[in-house]
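*Asks:* Attaching a single structure in C-alpha cells format; questions to follow.
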Amino acid sequence: MQLDLAAEGKMKDIEKRQTASGTKDKITQYWIEKLIQRGAEIRNADPSRSVRDVAQELKMWLTVQPGDKMNPLLDIAGLDPSQDTPVELLHTVLLGVIKYIWHFMNTEKWKDEDRHLLAIRLQSTDLSGLSVPPIRASYMFQYRNNLIGKHFKTLMQTLAFHVDSMASPEELQLIVTAGDLGARLWISVIDDMERHLKQLEIATGNVLDAFDAVDPLRIIVKIKLHLLTHLPTDIRRFGLAIRFSTEIFEAYNAVFRMCSINSNHIAPSRDISQKFASMDRVKHLLSGGYWWNQQSSSWVQAGGAVRQVLVNDPVVQRHLGWVKPEPIIPGAVRVISMRKQPALEWRKTEASKHTWSFGDPPQPNSLWRIGQHVTTVSGDGVPKLGWVFARDVQGQAIFGRVAEILVGKKNIVMLEQFVCGEERHPNLGWPIARRPRGTDITVGNVQTHVVLEASALQFVFSVQHDCRKGKCLPVVIGKQIQERQETTLDRQLIHHTDDDHFIINMAGLHNFVELIRILPKHLTELRYIHADRQQFHIDASTKAMAARTKKRQKTAARRRATAAEKKRQAEEAGAAASRAEKAAAEAEAAVVEDRDIEPSATDDEIEASDTERGGRRSDRSGCGTWDAAESEEEDIGSEDDYVPRGGQGGLKAKKHFPSQSLELKATQLHPKRQGVGSGCVI
1 MQLDLAAEGK MKDIEKRQTA SGTKDKITQY WIEKLIQRGA EIRNADPSRS
51 VRDVAQELKM WLTVQPGDKM NPLLDIAGLD PSQDTPVELL HTVLLGVIKY
101 IWHFMNTEKW KDEDRHLLAI RLQSTDLSGL SVPPIRASYM FQYRNNLIGK
151 HFKTLMQTLA FHVDSMASPE ELQLIVTAGD LGARLWISVI DDMERHLKQL
201 EIATGNVLDA FDAVDPLRII VKIKLHLLTH LPTDIRRFGL AIRFSTEIFE
251 AYNAVFRMCS INSNHIAPSR DISQKFASMD RVKHLLSGGY WWNQQSSSWV
301 QAGGAVRQVL VNDPVVQRHL GWVKPEPIIP GAVRVISMRK QPALEWRKTE
351 ASKHTWSFGD PPQPNSLWRI GQHVTTVSGD GVPKLGWVFA RDVQGQAIFG
401 RVAEILVGKK NIVMLEQFVC GEERHPNLGW PIARRPRGTD ITVGNVQTHV
451 VLEASALQFV FSVQHDCRKG KCLPVVIGKQ IQERQETTLD RQLIHHTDDD
501 HFIINMAGLH NFVELIRILP KHLTELRYIH ADRQQFHIDA STKAMAARTK
551 KRQKTAARRR ATAAEKKRQA EEAGAAASRA EKAAAEAEAA VVEDRDIEPS
601 ATDDEIEASD TERGGRRSDR SGCGTWDAAE SEEEDIGSED DYVPRGGQGG
651 LKAKKHFPSQ SLELKATQLH PKRQGVGSGC VI
C-alpha cells in the first residue's frame, strides 16, 4: 500500500500510514524515494499526464526492477511486526527506565558526598525477602556508568528507601513509581487479568507523568518510554511479561563468548554456528530424538546406552533443565550444629515466656535445638529476623519477624508480631508496619509475640526500616576486610534509632502476588499521582517547550562562543602569518644584498611552534622536509645554533647570521639540488 501511494506521489499519506501502522521498512523506503523522484520527473516532463497514468507507468517500472521491494518478513502471512514484537523487560525497563533515573540522579543531582552516604545506606539494606544477590554498593558507585541488568534490578527494588535528603519530592516520586511498575511486571501469575491490566496502565501513566515532572524533554527523545504504553496490549496478547523477557538468555553469552575464544578467528561466525549446531545435535541424541537415515530410508535414534546417559547423569540433566524440582516441605527446619549451639532446655528459650496455643505445652526440662532457617509454604527459607506472613491457630493472617526457631518434638517458631497501619506512608505511599500498641492490644487482642508451628509460615516478604522517620545515621562498625586481612579503612553501616517503624516494600519482586492477595486493597491498589492528568500534561508540555527553548538558546550561545574563539584564533594566525611573510621577505632581501639579518620576535614564535609540533616539519620555502633525528646526527654545535626551517628557510646556520657565515643563493646550490626552490639557505 505504501508503494501504491508512492506511485501516486502522496508522500504525506505515506507518512501518516507509517505512523498509524508502525511499519516503516528500509528496503521499501528506498523504493518509495525512487518512485517519488521518478514520478516528479515524469510529471515535470509532461504536466498533462494524469496521476493514474503516471502511477501505472511507475508500477510497471517497479515490477521489472531487480531485488526485493520490501523485507521478506513483512510478506509472511499472519505476521505483523508492530503487534508481534512484545516489549522486552530487560532493555526497556531495567536498561531503559531505571537506567535513565540512575543516570539523571548521578549527573544532575548527586555529588560525591551524596554518593558516599547513599552507598552506606544501600549497603545497609535488609535483603531478607528480596531475591537479589549481595549488594556491593561501593562497586556500584565506582562503576556507576557501567552497571548491568542485575544492578538495576536491585536499585529498582531498594533505591526508594535511601534517597531521603538527596532527591526532591518529584524525583522521589519517579523512583517510587518505577518500583511500582517493576513489581507488577516481574510476576508469575495473574489472578484477574482486567484488574491487573488496569493497575498496569496506572503504573505506566504514573511513570510517564513522573518523568514529565522531573525531565519533560526525556519523553520526547527516549523511545523506550513510549514503548511502556504497549505493555497492557502485549500482556493481553502474549501473557505474562516475563514469558517474553530475554533476561535469562543473557546468561548464554558466556557460552557464545567461549565459542568465539576457542575459534581460530579465520571464520569466527561459522565456527560459532557449527559449535551451537553440534551442541544441539548432542542434546537431540541424548533426548532420544529421531533423524532420517537415507541409507535405510527410515527414522532412527541413538542406542539405548546413549539414551541412558540422560537418565543416569544428573549433570547432563541439570544442563538440559530436566531436573525434578525438590519437593517443598513446609515447616522443615535446618538446625545449627551441636558444636556451635548446644541444645537448650525449654525454660531457657525465649518462646517459653509466651503463650503456647496448640496442643500440650513442652516440659520445662525438655531439650530443644536452635534452628538456622525454616521452610515456608511457598518454599522460601526464612532465617531468624526474617519477615514472614503466617496463619495463627484461628487461620487468621498475621505477619511479623522471626524471633526464634526451635526443634524438639515439634518444629516451632516464635514470631515477633507487627500490625499494618491504616494509612499509607506519607512519602512512599506504601503500607506501614509497626508494633502493636494501645487499642491493638486491648481491643484487637494482638499479642506482641506469638508461638506457632513452623508449618504455619506462608511466605517471606521485604520490609525496610523507616529511616526517614527515625533520622538514622551511619556509624563505624569495624574495619574493611581485603584479601582476608583487616585494613585501616573504616566500615560503616546505618544505625537504626528505633525498632518500631517499618515500611512494607511494594517494589520487591519476590512474592509480590502473594503480598497483594493478603494485604487490604486500599493499601495496595495504585492511583494516578495527578487527579487532573489532562491539565498536568498541558502544564508539562508548556514546561517542556520552555526547557527546549532554553536548551536551544544555550546551544546557540555555546556555538557562537566557539565560532568567536575560532575566529579569534584565525585572526591571530593570520597576523602571525603576515609577520612571518614580512620577516621572510626581509631575510630574502638580506641574502640578496649580502647583509646581516637582524633577529625578530617572529623567529622565536616559529621556533616555539615547530618545537611543539616536533618530528617532520613542512618546508614553506619548498626545500622539502626536515627530520629531527637526521638533523641531530649532522648537527655541529649546540642545539641553540639551530634555526628552524619555518624561520629563516633553515638548515644549519648561526641564529644571528654573522657576516662571516656562508650564505648561498639558490643558483649557487649543488647541481643535484638545483630546482628545489629559491631562497634556501645552507
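Taking full-length UniProt numbering, the leading residue of the sequence shown gets 1, the next gets one more, and so forth. C-beta atoms are modelled at their ideal positions from N, C-alpha and C, and glycine is treated no differently.
(1) What is the rounded straight-line gap between the Cα of His522 and the Cα of Lys12?
(2) Which whole-angstrom value describes the C-beta separation of Trp292 and Ile242, a residue pair presumed to lie in contact below a C-beta threshold of 8 Å?
(3) Are the segment 489-507 and the segment 455-469 in contact at 8 Å, needing three or more beta carbon pairs?
(4) Taking DSSP as the reference, what is the three-state secondary structure of Ala302?
(5) State the DSSP-derived secondary structure class of Gly411, mapped to helix, strand or coil.
(6) Let's test the definition: count the other Cβ atoms within 10 Å of the Cβ of His196 and tell me whether it reaches 16, buried, or not, exposed.
(7) Could you tell me the distance, in whole angstroms, from the CA atom of Ile36 to the CA atom of Asn145?
(8) Taking 7 Å as the threshold (C-beta atoms), are Ala433 and Ile504 in contact?
(9) Run the CB neighbour count on Asn253, radius 10 Å, all protein chains shown included, and call it buried at 16 or more, exposed below.
(10) So, is Pro72 buried or exposed, given that buried needs 16 or more other C-beta atoms within 10 angstroms?
(11) What's the call for Ser297, buried or exposed, on a 16-neighbour Cβ count within 10 Å?
(12) When you compare the CB positions of Phe459 and Ser378, do they come within less than 7 Å of one another, or not?
(13) Along the chain, where does the alpha helix (DSSP H) containing His116 start, and where does it finish?
(14) Would a C-beta distance cut-off of 7 Å place Val475 and His495 closer than the cut-off?
(15) Under 8 Å: do the segment 342-355 and the segment 415-422 share three or more Cβ pairs, one atom per stretch?
(16) List in chain order: all unbroken alpha helix (DSSP H) runs of 4+ residues lying wholly within the segment 424-451.
(17) Mind reading off the beta-carbon distance from Gly129 to Gly381? Whole number of angstroms is fine, and I expect it under 8 Å.
(18) What is the DSSP secondary structure of Asn106, counted as helix, strand or coil?
(19) Let me know the secondary structure DSSP gives Arg527 once reduced to three states.
(20) Is Glu88 buried or exposed, if buried means 16 or more other CB atoms sit within 10 Å of its CB?
(21) Which residues does DSSP list as the beta-bridge partners of Asn293?
(22) In the DSSP assignment, what are the bridge partners of Thr375?
(23) Give me the Cβ distance between Val333 and Ala531, rounded to the nearest whole Å; I'm assuming they're in contact under 8 Å.
(24) How is Ala507 classed by DSSP in three states: helix, strand or coil?
(25) Would you mind giving the Cβ-Cβ distance between Val54 and Ile42, rounded to the nearest angstrom? I have them listed as a contact below 8 Å.
(26) Could you spell out the range, first to last residue, of the beta strand (DSSP E) harbouring Leu90?
(27) Beta strand (DSSP E) containing Asp490: first to last residue?
(28) State yes or no: is the C-beta of Val316 within less than 7 Å of the C-beta of Val309?
(29) Look up Trp322 in the DSSP assignment and give the residues it is bridged to.
(30) Ordered along the chain, which non-local residues of its own chain (more than five positions away) have a Cβ less than 6 Å from that of Glu345?
(31) To test your reading of the DSSP string, which unbroken beta strand (DSSP E) runs of 3 or more residues are found completely within the segment 329-372?
(32) Could you tell me which residues DSSP pairs with Ala397 in its beta bridges?
(33) Where does the unbroken beta strand (DSSP E) through Lys479 begin, and where does it stop?
(34) Starting from Phe211, trace the alpha helix (DSSP H) both ways and give me its first and last residue.
(35) With distances taken between CB atoms, is the gap from Leu515 to Val176 smaller than 7 Å?
(36) Give the DSSP-derived three-state secondary structure of Val402 in the structure shown.
*Replies:* Result, derived from the coordinates:
(1) 49 Å
(2) Their Cβ separation, rounded to whole angstroms, is 37 Å, which puts Trp292 and Ile242 out of contact at 8 Å.
(3) With the cut-off at 8 Å, the segment 489-507 and the segment 455-469 touch.
(4) coil
(5) Residue 411 is actually Asn in this sequence, not Gly. Of the three classes helix, strand and coil, the one that applies to Asn411 here is strand, per DSSP.
(6) buried
(7) 45 Å
(8) yes
(9) For Asn253, the number of other beta carbons within 10 angstroms of its own is below 16, and it is reported as exposed.
(10) Burial call: exposed.
(11) exposed
(12) yes
(13) 112-123
(14) Between Val475 and His495, the gap from beta carbon to beta carbon is short of 7 Å.
(15) no
(16) For the segment 424-451, the full-length alpha helix (DSSP H) segments reaching 4 residues or more read 439-442 along the chain.
(17) In fact, because the Cβ distance is near 11 Å, the residues do not count as touching under 8 Å.
(18) helix
(19) Residue state, collapsed to three classes: coil.
(20) buried
(21) Ser298.
(22) Gly381
(23) Not a contact, Cβ separation roughly 50 Å.
(24) coil
(25) 5 Å
(26) Neither: Leu90 is in no beta strand (DSSP E) and is coded neither H nor E.
(27) 485-495
(28) Yes. Within cutoff.
(29) Beta-bridge pairing links Trp322 to no other residue.
(30) In its chain, beyond the 5 residues on either side, Asn365 have a beta carbon closer than 6 Å to the beta carbon of Glu345.
(31) Taking only runs of at least 3 residues, the beta strand (DSSP E) segments lying wholly in the segment 329-372 are 333-335.
(32) Arg391
(33) 473-482
(34) 193-214
(35) no
(36) Note: Val402 maps to strand in three-state DSSP.
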